[in-house]
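Peer 1: Here it is: the structure, laid out below.
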Amino acid sequence: MSEPIIHVENVHKSFLMGKEAVLALRGIDLDVLPGEILCLMGPSGSGKTTLLNIVGGLEEPSRGHVIVKGQNVIALSEDKLAQLRLTTMGFVFQNYNLLANFTALENVEAPMALAGLRGRKRREKARSLLQRVGLADRERHYPSELSGGQQQRVAVARALANDPDILIGDEITGDLDSVTGFEVMDIIAELNEERRTTVVYVTHDPRMAKYASRLVQIRDGKITSDETGEAALAALEST
Ligand SMILES: Nc1ncnc2c1ncn2[C@@H]1O[C@H](COP(=O)(O)OP(=O)(O)O)[C@@H](O)[C@H]1O
Ligand SMILES: [Mg+2]
Numbered sequence: 297m298s299e300p301i302i303h304v305e306n307v308h309k310s311f312l313m314g315k316e317a318v319l320a321l322r323g324i325d326l327d328v329l330p331g332e333i334l335c336l337m338g339p340s341g342s343g344k345t346t347l348l349n350i351v352g353g354l355e356e357p358s359r360g361h362v363i364v365k366g367q368n369v370i371a372l373s374e375d376k377l378a379q380l381r382l383t384t385m386g387f388v389f390q391n392y393n394l395l396a397n398f399t400a401l402e403n404v405e406a407p408m409a410l411a412g413l414r415g416r417k418r419r420e421k422a423r424s425l426l427q428r429v430g431l432a433d434r435e436r437h438y439p440s441e442l443s444g445g446q447q448q449r450v451a452v453a454r455a456l457a458n459d460p461d462i463l464i465g466d467e468i469t470g471d472l473d474s475v476t477g478f479e480v481m482d483i484i485a486e487l488n489e490e491r492r493t494t495v496v497y498v499t500h501d502p503r504m505a506k507y508a509s510r511l512v513q514i515r516d517g518k519i520t521s522d523e524t525g526e527a528a529l530a531a532l533e534s535t
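Laid out in structure tokens, this is it:
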């Protein structure tokens, strides 16, 4: 069996709200294997976004360990963490989060610029990624000139800019109609096939969850079910 690319061990997270502690995560253990498409489902407020943020190094757990591609995320210096985030992980969000004053092409180029890739190489790679998500003819468009689905496809291309091992998505089809949502998920599933990119994504929509090879359910900050393959589909039927 291969080494997990993500290892989460006994992760707790509490937020202080005034004097009250909100327990967002209460002992999460999760190993994700390379090439898995893991769908995380659970009611609103159950801790899904918090867990993704901790895996992505955006937030620190109150307790526990997080290892991503062999690196101890919590112990990394700010620089090393930024590097890990830039080169190992790609992020896609519900509201696309594109830079409004950048064209589609420039948005895809941005993470490559941060990683030090320059000039024509960078431009060509951005072009090929936009082509990959079916937007070759929209490279000069600004986000405001694109539909929601097109913006999300740009966001997927941007997330892939530095060839990440892991794609992390938080309700990425939440604002899209189902046909457009399927298009975005189809692209992600194809990328998983082609590059074996590991995918961890949150959705509320059982139709989008069907893309997963593994279904993890979370409730009140704890994992309540973790099923792979056929069993995942069966678990989905009962959600
Ligand atoms: N920055 C924060 N400050 C205080 N409480 C937070 C913060 N982020 C999340 N929470 C709380 O943690 C719990 C889990 O939130 P979240 O991870 O966003 O859930 P989900 O993504 O499953 O809807 C919720 O009770 C939420 O109110
Ligand atoms: Mg959330």
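Going from the sequence shown to this note's numbering is simple: count from 1 and add 296. Think of the CB as a built atom: it goes at the ideal place given N, C-alpha and C, for glycine as much as any other residue.
Sort I519, L380, L511, L529 by Cα distance to P460 and report the nearest one.
Peer 2: When each option's Cα is compared against that of P460, the closest is L380.
Peer 1: Cβ of T499 within 7 Å of any heavy atom in ligand 2?
Peer 2: Not so, every heavy atom of ligand 2 lies at least 7 Å from the Cβ.
Peer 1: Going by beta carbon distance, what residues of the same chain come within less than 7 Å of S358, once the five residues before and after it are set aside?
Peer 2: Result list for S358: H308, K309, S310, in chain order.
Peer 1: Under the criterion of a Cβ to heavy atom distance below 7 Å, does K344 qualify as lining ligand 2?
Peer 2: Flag set: Cβ of K344 near ligand 2.
Peer 1: Taking 8 Å as the threshold, find out whether the segment 372-379 comes into contact with the segment 391-399 through three or more Cβ pairs.
Peer 2: No: fewer than three Cβ pairs fall under 8 Å.
Peer 1: What would DSSP say about Q390, mapped onto helix, strand or coil?
Peer 2: Coil, per DSSP.
Peer 1: Take T494 as the anchor and find which of G477, L463, M504 has the nearest alpha-carbon.
Peer 2: It is L463.
Peer 1: What residues are listed by DSSP as bridge partners for V512?
Peer 2: Partner(s): L336, D522.
Peer 1: Look at the Cβ atom of E435, then the Cβ atom of R416, and state whether they are nearer than 8 Å.
Peer 2: Going by C-beta atoms, E435 is not nearer than 8 Å to R416.
Peer 1: So is L426 buried or exposed if we call it buried at 16+ other beta carbons inside 10 Å?
Peer 2: With 16 or more Cβ atoms within 10 Å of its Cβ, L426 is classed as buried.
Peer 1: Considering F478, what are the terminal residues of the beta strand (DSSP E) in which it resides?
Peer 2: Counting along the chain, F478 falls outside any beta strand (DSSP E), though it belongs to the alpha helix (DSSP H) covering 474-491.
Peer 1: Give me the Cβ distance between L326 and I519, rounded to the nearest whole Å; I'm assuming they're in contact under 8 Å.
Peer 2: Their Cβ separation, rounded to whole angstroms, is 7 Å, which keeps L326 and I519 in contact under 8 Å.
Peer 1: CB of D516 to nearest heavy atom of ligand 2: below 7 Å?
Peer 2: No, the beta carbon of D516 sits no closer than 7 Å to any heavy atom of ligand 2.
Peer 1: Return the first residue and the last residue of the alpha helix (DSSP H) that I350 is part of.
Peer 2: Segment 344-351, the alpha helix (DSSP H) holding I350.
Peer 1: Between which two residues does the beta strand (DSSP E) holding E402 run?
Peer 2: Not the beta strand (DSSP E): E402 falls in the alpha helix (DSSP H), residues 400-410.
Peer 1: Is DSSP giving T494 helix, strand or coil here?
Peer 2: Looking at T494 - three-state DSSP - the assignment turns out to be strand.
Peer 1: Can you give me the Cβ contacts of R492 inside the same chain, cut-off strictly under 8 Å, excluding the 5 residues immediately before and after it?
Peer 2: Contacts found: P330, G331.
Peer 1: Excluding five sequence neighbours on each side, which residues of the same chain lie with their C-beta closer than 6 Å to the C-beta of G444?
Peer 2: Around G444: D471, L472.
Peer 1: In whole angstroms, what is the alpha-carbon distance linking L249 and D466?
Peer 2: Absent from the structure is residue 249, since the part of the chain shown begins at 297 and ends at 535.
Peer 1: With H, G and I counted as helix, E and B as strand and the rest as coil, what does DSSP make of L329?
Peer 2: Three-state result, L329: coil.
Peer 1: Provide the residue span of the beta strand (DSSP E) that contains E305, from first to last.
Peer 2: That run of the beta strand (DSSP E) goes 302-313.
Peer 1: Within the continuous alpha helix (DSSP H) that includes D466, where are the two ends?
Peer 2: D466 -> not in any alpha helix (DSSP H); beta strand (DSSP E) instead, spanning 462-466.
Peer 1: Under 8 Å, do L354 and L336 count as touching if we go by C-beta distance?
Peer 2: No, Cβ-Cβ distance for L354 and L336 is not below 8 Å.
Peer 1: Verify whether the separation of the beta carbon atoms of A457 and M408 is less than 8 Å.
Peer 2: Contact: yes.
Peer 1: Please check the pair I301 and K344, which I expect to be a contact at CB under 8 Å, by giving their CB distance rounded to whole angstroms.
Peer 2: About 19 Å separates the two Cβ atoms, so there is no contact after all.
Peer 1: Pick out the complete alpha helix (DSSP H) segments inside the segment 418-464, 4 residues or longer, and give them in chain order.
Peer 2: Qualifying alpha helix (DSSP H) stretches, in chain order: 444-455.
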